[in-house]
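Mapping of the sequence shown onto our numbering: residues 16 to 164, in sequence order. Let me begin by presenting the structure, written as structure tokens, before commenting on it.
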Amino acid sequence: MTTSDPARIVSRTVFVPAAAADIFDLLADPRRHGEIDGSGSVKEARIDAPVRLSLGATFGMNMRIVLPYKMTNTVVEFEEGRRIGWRHFGGHVWRYILEPVEGGTQVTEQFDWNTNKSPLMLKVMRATHNNAVAIEKTLQNLVAVFSAK
């Protein structure tokens, strides 16, 4: 059994004034990921992306960091209304954990690089720092989506 090093998880949490099921519906729809992406790199789901994600589902995204590129992800964690996470060829996992609380939901977004195939590259690219900033913006965007309703 592999152990997870908490130092290799970038994690941020925010309160969202919405039901966990509604937030999960947005997260499980790859066509909506661009609405909340704080990194600025997610452009749109590719045409072959499923309408709703499930465990083992693959979905492609059109991305852009300086130059356009395509990324394919596989859902590796899925608990309806509570947890969803996906991984691409780099090995790290992006996940969301939803915890219902009075008046809404605590949403935690994580960049887990415990299973990353090239941790040195992540360090050189300052990925953990950059992803922390992007996660904070993504969570602010998520709050804004549900505060506008």
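Backbone N, C-alpha and C define an ideal beta-carbon position, used for all residues, glycine too. Small disclaimer: the values here were computed from a predicted structure and weren't measured.
> Which whole-angstrom value is the C-beta distance of Gln121 and Thr28, which I expect to be below 8 angstroms?
Replying inline: Separation of the CB atoms of Gln121 and Thr28 is rounded to 6 angstroms, and the pair is thereby assigned contact status at 8 angstroms.
> If we ignore side chains and look at the alpha-carbon of each, how far apart do Glu124 and Ser26 end up?
Replying inline: Distance from the CA of Glu124 to the CA of Ser26, rounded to the nearest whole angstrom, comes to 6 angstroms.
> Can we say the region 30-49 touches the region 97-116, given the rule of at least three CB pairs closer than 8 angstroms?
Replying inline: The region 30-49 vs the region 97-116: in contact.
>> Just verifying my parser: in three-state terms, what is the DSSP assignment at Val160?
In response: Collapsing the DSSP output to three states places Val160 in a helix.
> Anyone know if the C-beta pair for Leu31 and Val139 falls short of 8 angstroms?
Replying inline: In the sequence under discussion, the amino acid at residue 31 is Val, which differs from the Leu named in the question. Going by beta carbons, Val31 and Val139 fall outside the 8 angstroms limit.
> If you draw a straight line from the alpha carbon of Phe104 to that of Thr87, how long is it in whole angstroms?
Replying inline: Taking C-alpha positions only, Phe104 is separated from Thr87 by approximately 8 angstroms.
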